[in-house]
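For what it's worth, the working numbering labels the leading residue of the sequence shown as 18, then goes sequentially.
In this text, a Cβ means the ideal position worked out from N, Cα and C, and glycines have one as well.
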Amino acid sequence: MRPITLIAGAFVALLVVPGLALSADGTPTNIRGKVEKLDGHALLIKGRDGKRVTVNLDEKFGVLAIIKAKLSDIKPGEFIGTAAITEKKDGKLHAQEVLIFPAGMRMGEGHYPWDLKGKDDTMTNADVIELESVHKGKAVELKLKHKDGENTVLVDKRTPIVTFAPDSPELLKHGATVFIPALKKPDGVIVATNVLAEKNGVKPPM
Numbered sequence: 018m019r020p021i022t023l024i025a026g027a028f029v030a031l032l033v034v035p036g037l038a039l040s041a042d043g044t045p046t047n048i049r050g051k052v053e054k055l056d057g058h059a060l061l062i063k064g065r066d067g068k069r070v071t072v073n074l075d076e077k078f079g080v081l082a083i084i085k086a087k088l089s090d091i092k093p094g095e096f097i098g099t100a101a102i103t104e105k106k107d108g109k110l111h112a113q114e115v116l117i118f119p120a121g122m123r124m125g126e127g128h129y130p131w132d133l134k135g136k137d138d139t140m141t142n143a144d145v146i147e148l149e150s151v152h153k154g155k156a157v158e159l160k161l162k163h164k165d166g167e168n169t170v171l172v173d174k175r176t177p178i179v180t181f182a183p184d185s186p187e188l189l190k191h192g193a194t195v196f197i198p199a200l201k202k203p204d205g206v207i208v209a210t211n212v213l214a215e216k217n218g219v220k221p222p223m
């Protein structure tokens, strides 16, 4: 199994910002769904829309296991990624999920469009610089700082919060939920270096 630093380097190279223009190498694309089967380096996925897609994995692909975390694990100084949407009722960003990156790992820093649930989703990868308890302690308001500026995101007790760690390709069994930052080549072939996979019932929420 490759060290997490090497996996991180490859992962950041394919971190997807929806809407990126077609490049010479292809178009970044996020693959979400359940594993149908792994045949060598060909991973067959049944997507959220029910369609099946084959992802061609790198010869030395990595598997990152999703691990459950808690609201109390989010502390000042942590680097996190959070998909969020602006609620009309209060005009604030409400987290759809939070990913706490392992110590020393930073990737995809900034605030940009995302594609988790709808066209108004955003992703913010940033340092936590301040936390404030709100709604009688049932939620936390995170003040985040990144290279493009600052954002405030509301995280409540229902928000999925996870981290990840290197693991085995054995996680890629039939029915396992996965998230794959991939690249769609001009010929339609989809390639990827890493897979974020469900473990012990904890699914990738991003």
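| Check | Outcome |
| --- | --- |
| Where LYS106 falls, given that 16 or more other Cβ within 10 Å makes a residue buried | exposed |
| Contacting residues, own chain, Cβ-Cβ under 6 Å from LEU55 (five flanking each side not counted) | LEU189 |
| Exposure label - ALA101; buried when at least 16 CB within 10 Å | buried |
| Which listed residue (HIS128, LEU81, ILE84, PHE78) has its alpha carbon closest to that of GLY98 | HIS128 |
| GLY98 - partner residues in DSSP beta bridges | LEU116, ASN142 |
| For ILE48, the first and last residue of its enclosing beta strand (DSSP E) | 44-56 |
| Alpha-carbon to alpha-carbon, ILE83 and GLY166 | 28 Å |
| Residues bridged to SER150 (per DSSP) | VAL157 |
| ARG69, enclosing beta strand (DSSP E) - first and last residue | 69-85 |
| Where ALA112 falls, given that 16 or more other Cβ within 10 Å makes a residue buried | buried |
| Euclidean distance between Cα positions of THR176 and GLU114 | 5 Å |
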